[in-house]
Amino acid sequence: MPDIAIVPAPRELTVDEGQWLSADPAGEAIRDVVENLGATEYRIDVTADGARLTAGSEDALRHAETTYAQLIEAAEPAADGKVAVPAVRIADAPEFAWRGMMLDVARHFMPKEFVLKVIDVLALHRLNTLHFHLTDDQGWRVEIEAYPRLTEVGAWRDETLVGKMRGRDESEWTYDGTRHGGFYTKDDLREIVAYAAERGIDVVPEIDLPGHMQAAITAYPELGNNPDTQLKVRQIWGISDDVLNVNDATVEFVKAVLREVLDIFPSQYIHLGGDECPSVQWKESEAAQKRQAELGLSEAEQLQGWFTAQVQEVLVEGGRRLVGWDEMVETDCPKDAVIMAWRSAQRGEVAVKAGHQTVMAPCESVYFDYYQGDPATEPLAIGNFIPLQKVYDFEVIPPSLSDEEKALIVGTQCQIWTEYMPDEQQVGYMLLPRLSAFAERAWGSPRTSYDEFLTRLRPHLARIERIGINYRPLD
Ligand code: ACM
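Using my numbering, the first residue of the sequence shown is number 85, and each one after it goes up by one.
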């Protein structure tokens with residue numbers, strides 16, 4: 085019998101004696117949503133009499149189907165045109181509610197068809213959240229009817245830096261001379277949301293603010309702190325000092341944008357960024373200084389928390405929940421904000437100790453823009469080193485937390501930042517199969533050994549190939 089290769093591995097799998105001779109190579113099975121299982125639980129029972137899939141919800145039944153399809157691959161031809169399906173019992177449920185992947189389509193635009201393939205890959209791995217990073221300094225990717233220049237202007241950059249920003253001597257930097265850009269219409273996004281929903285995946289949009297807004301400020305200079313300066317959609321990477329101003333009109337602008345975003349994305353969660361927001365321009369701006377004084381804030385940095393609180397009123401009106409990068413913890417953000425810990429696992433500890441539900445997304449473990457092999461032979465990447473085994477060994481929950489604090493860790497997420505991923509081939513190469521190892525941790529698969537994981541991963545690569553997405557071959 086070929087080995088059973090389910091990825092991510094179910095929490096409990098018992099192989100029984102015997103087999104079921106199925107007349108259908110796809111192994112027809114009884115499928116039921118039942119009341120005696122929790123909403124995330126499912127069972128698969130294969131005996132000599134047949135196969136039965138039961139689950140506590142339609143979502144969990146979908147997971148049962150995905151697992152069952154992988155189990156059926158272990159069936160072998162038998163007599164009379166039948167196939168012999170191994171008798172197994174599977175009792176399974178995910179450890180974490182948030183099992184996500186972030187895709188940055190701002191630094192490099194990715195076609196809709198590719199996003200749909202990414203969703204297929206997430207579904208294959210029983211992941212449930214696509215965090216869609218739609219805006220950044222280098223491009224604005226979501227159509228907003230009230231402000232057409234966001235995409236007419238903000239979705240396009242004239243050219244892009246070649247290679248890394250080595251040194252600070254700008255005269256040494258070279259550019260590719262190629263216009264890059266693109267955006268999703270509302271119809272595109274609704275199609276993506278519907279395609280994902282059919283596969284049990286929630287699309288969480290991110291509008292990154294008040295930093296990482298250079299593309300928007302290029303389109304509408306009045307949003308910036310130096311409205312007389314015409315910026316360009318950013319052509320280099322790194323952190324821009326050009327952040328939103330804190331005027332009432334800018335708050336209203338962003339609120340109008342968010343209302344349109346909420347109209348496209350039904351997700352309970354809306355991500356408002358909050359990372360890497362320098363306050364240098366607020367310190368220099370008379371209007372920002374005035375606002376700071378009016379609000380009685382001692383530091384210009386505190387304007388970020390104020391700004392986010394203003395615009396998140398739209399989320400409250402719409403019954404949605406704010407998600408933000410871990411810098412938000414330092415900005416007096418609402419207590420019910422879900423924090424995404426990216427700068428380190430330790431930042432996740434800080435977030436839960438401050439009482440926040442937290443998604444662990446630490447760069448040292450699950451940033452898939454980092455190298456996965458020797459930089460001398462790998463395509464250009466941002467730096468650092470996260471090989472496949474390091475992802476497999478990732479501990480989602482920092483061990484020092486108390487049980488009460490651990491309960492605030494709602495899940496985990498891997499990140500694809502695309503500064504150095506110009507196309508879908510490169511995204512696939514950086515994503516897979518690290519995502520397969522990540523899925524084991526997000527699901528809470530039993531830790532066996534890295535070698536055992538590799539024995540399941542090798543046949544699993546064919547499933548990834550069938551989706552038609554690139555991956556990095558195993559070493
Ligand atoms: C981030 O990597 N700036 C969230």
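Glycine is no exception: its CB is placed at the ideal position from the N, C-alpha and C atoms.
- To which residues of the same chain is residue 462 closer than 6 Å at the C-beta, ignoring the five residues directly before and after it? 455
- Message: Given this structure, state the Cα-to-Cα distance separating residue 213 from residue 438, to the nearest angstrom.
- Response: 24 Å
- Are the CB atoms of residue 171 and residue 111 nearer to each other than 7 Å? no
- Can you list every residue whose CB sits closer than 6 Å to some heavy atom of the ligand ACM, going in chain order? 359, 360, 409 and 426
- Item | Cut-off 7 Å between Cβ atoms - residues of its own chain near residue 520, not counting five sequence neighbours on either side | 91, 209, 541 and 544
- Taking the alpha-carbon positions, what's the residue 492 to residue 216 distance? Straight-line spacing of the CA atoms in residue 492 and residue 216 works out to 23 Å.
- Task: On a CA-only basis, which of 88, 98, 124 and 144 is nearest residue 115? Give me that one, please.
- Result: Closest option to residue 115, judged by alpha-carbon separation, among 88, 98, 124 and 144: 144.
- May I ask which residues mark the beginning and end of the alpha helix (DSSP H) holding residue 520? 518 to 527 is the span of the alpha helix (DSSP H), which, as asked, contains residue 520.
- Item | Burial state of residue 475, where buried means 16 or more other Cβ atoms lie within 10 Å | By the Cβ neighbour-count rule, residue 475 is buried, with 16 or more other Cβ atoms within 10 Å of its own.
- Message: At the level of alpha carbons, what is the spacing between residue 293 and residue 152?
- Response: In a straight line, the C-alpha of residue 293 is about 42 Å away from that of residue 152.
- Query: Hey, how far is the Cα of residue 479 from the Cα of residue 450?
  - Reply: Each residue's Cα considered, the two are about 11 Å apart.
- Could you tell me the boundaries of the beta strand (DSSP E) in which residue 391 lies? It is not in any beta strand (DSSP E) - residue 391 instead sits in the alpha helix (DSSP H) that spans 386 to 395.
- Which residue from 382, 533, 232 and 424 puts its Cα closest to that of residue 344? It is 232.
- Query: Three-state secondary structure (DSSP) at residue 539?
  - Reply: helix
- In angstroms, rounded to a whole number, what distance separates the CA positions of residue 553 and residue 509? 7 Å
- Task: Look at the alpha carbon of residue 398 and the alpha carbon of residue 330, and state the distance between them as a whole number of angstroms.
- Result: Roughly 17 Å between the two C-alpha positions.
- Message: Between 421, 418, 417 and 445, which has its C-alpha nearest residue 427's C-alpha?
- Response: 445
- Message: Taking contact to mean 3 or more Cβ pairs, one atom from each stretch, closer than 8 Å, check whether the stretch 337 to 352 and the stretch 284 to 302 are in contact.
- Response: yes
- If you run the structure through DSSP and keep just helix, strand and coil, what is residue 408? Assigned with DSSP and collapsed to three states, residue 408 falls in strand.
- Query: Does the stretch 248 to 263 touch the stretch 188 to 206, meaning 3 or more C-beta pairs lie closer than 8 Å?
  - Reply: The stretch 188 to 206, when compared against the stretch 248 to 263, does not touch it at the 8 Å Cβ threshold.
- Residue from 165, 452, 485 and 482 with nearest C-alpha to residue 469: 452
- Closer than 8 Å by C-beta to residue 538: which residues in its own chain qualify, once you throw out the five before and the five after it? Chain order, please. 558
- Item | Residue burial classification, residue 314 (beta-carbon count within 10 angstroms, cutoff 16) | exposed
- Is it the case that the Cβ atoms of residue 242 and residue 551 are separated by a distance below 7 Å? no
- Task: Measure the alpha-carbon distance for residue 523 versus residue 251 and round it to whole angstroms.
- Result: 37 Å
- Item | Entirely enclosed alpha helix (DSSP H) segments - the stretch 218 to 292, minimum 4 residues | Correct list: 233 to 236 and 270 to 282.
- Query: To the nearest angstrom, how far is it from the Cα of residue 332 to the Cα of residue 155?
  - Reply: 57 Å
- Message: Suppose the cutoff is 8 Å on Cβ atoms and the five residues either side in sequence are ignored; what does the same chain contact list for residue 99 look like?
- Response: 88, 170, 171 and 172
- Query: Pick from 125, 355, 361 and 312: whose alpha carbon is nearest that of residue 327?
  - Reply: 361
- Message: In this structure, how does DSSP classify residue 544 when only helix, strand and coil are distinguished?
- Response: helix
- Task: For residue 308, write down the residues that DSSP places opposite it in a beta bridge.
- Result: 328
- Please check if any C-beta of chain B sits within less than 7 Å of the C-beta of residue 188. Any reference to chain B falls outside this structure, which holds one protein chain only.
- Task: Thinking residue 180 and residue 434 are a contact (beta carbons under 8 Å), I'd like their distance in whole angstroms, please.
- Result: Not really, about 20 Å apart at Cβ, beyond 8 Å.
- For residue 451, the three-state DSSP class (helix, strand or coil): strand
- Message: Give me, in chain order, the residues of the same chain whose beta-carbon lies closer than 7 Å to that of residue 85; leave out the 5 immediate sequence neighbours on both sides.
- Response: Annotation note: pLDDT 45 at residue 85 (below 50); position unreliable, no value reported.
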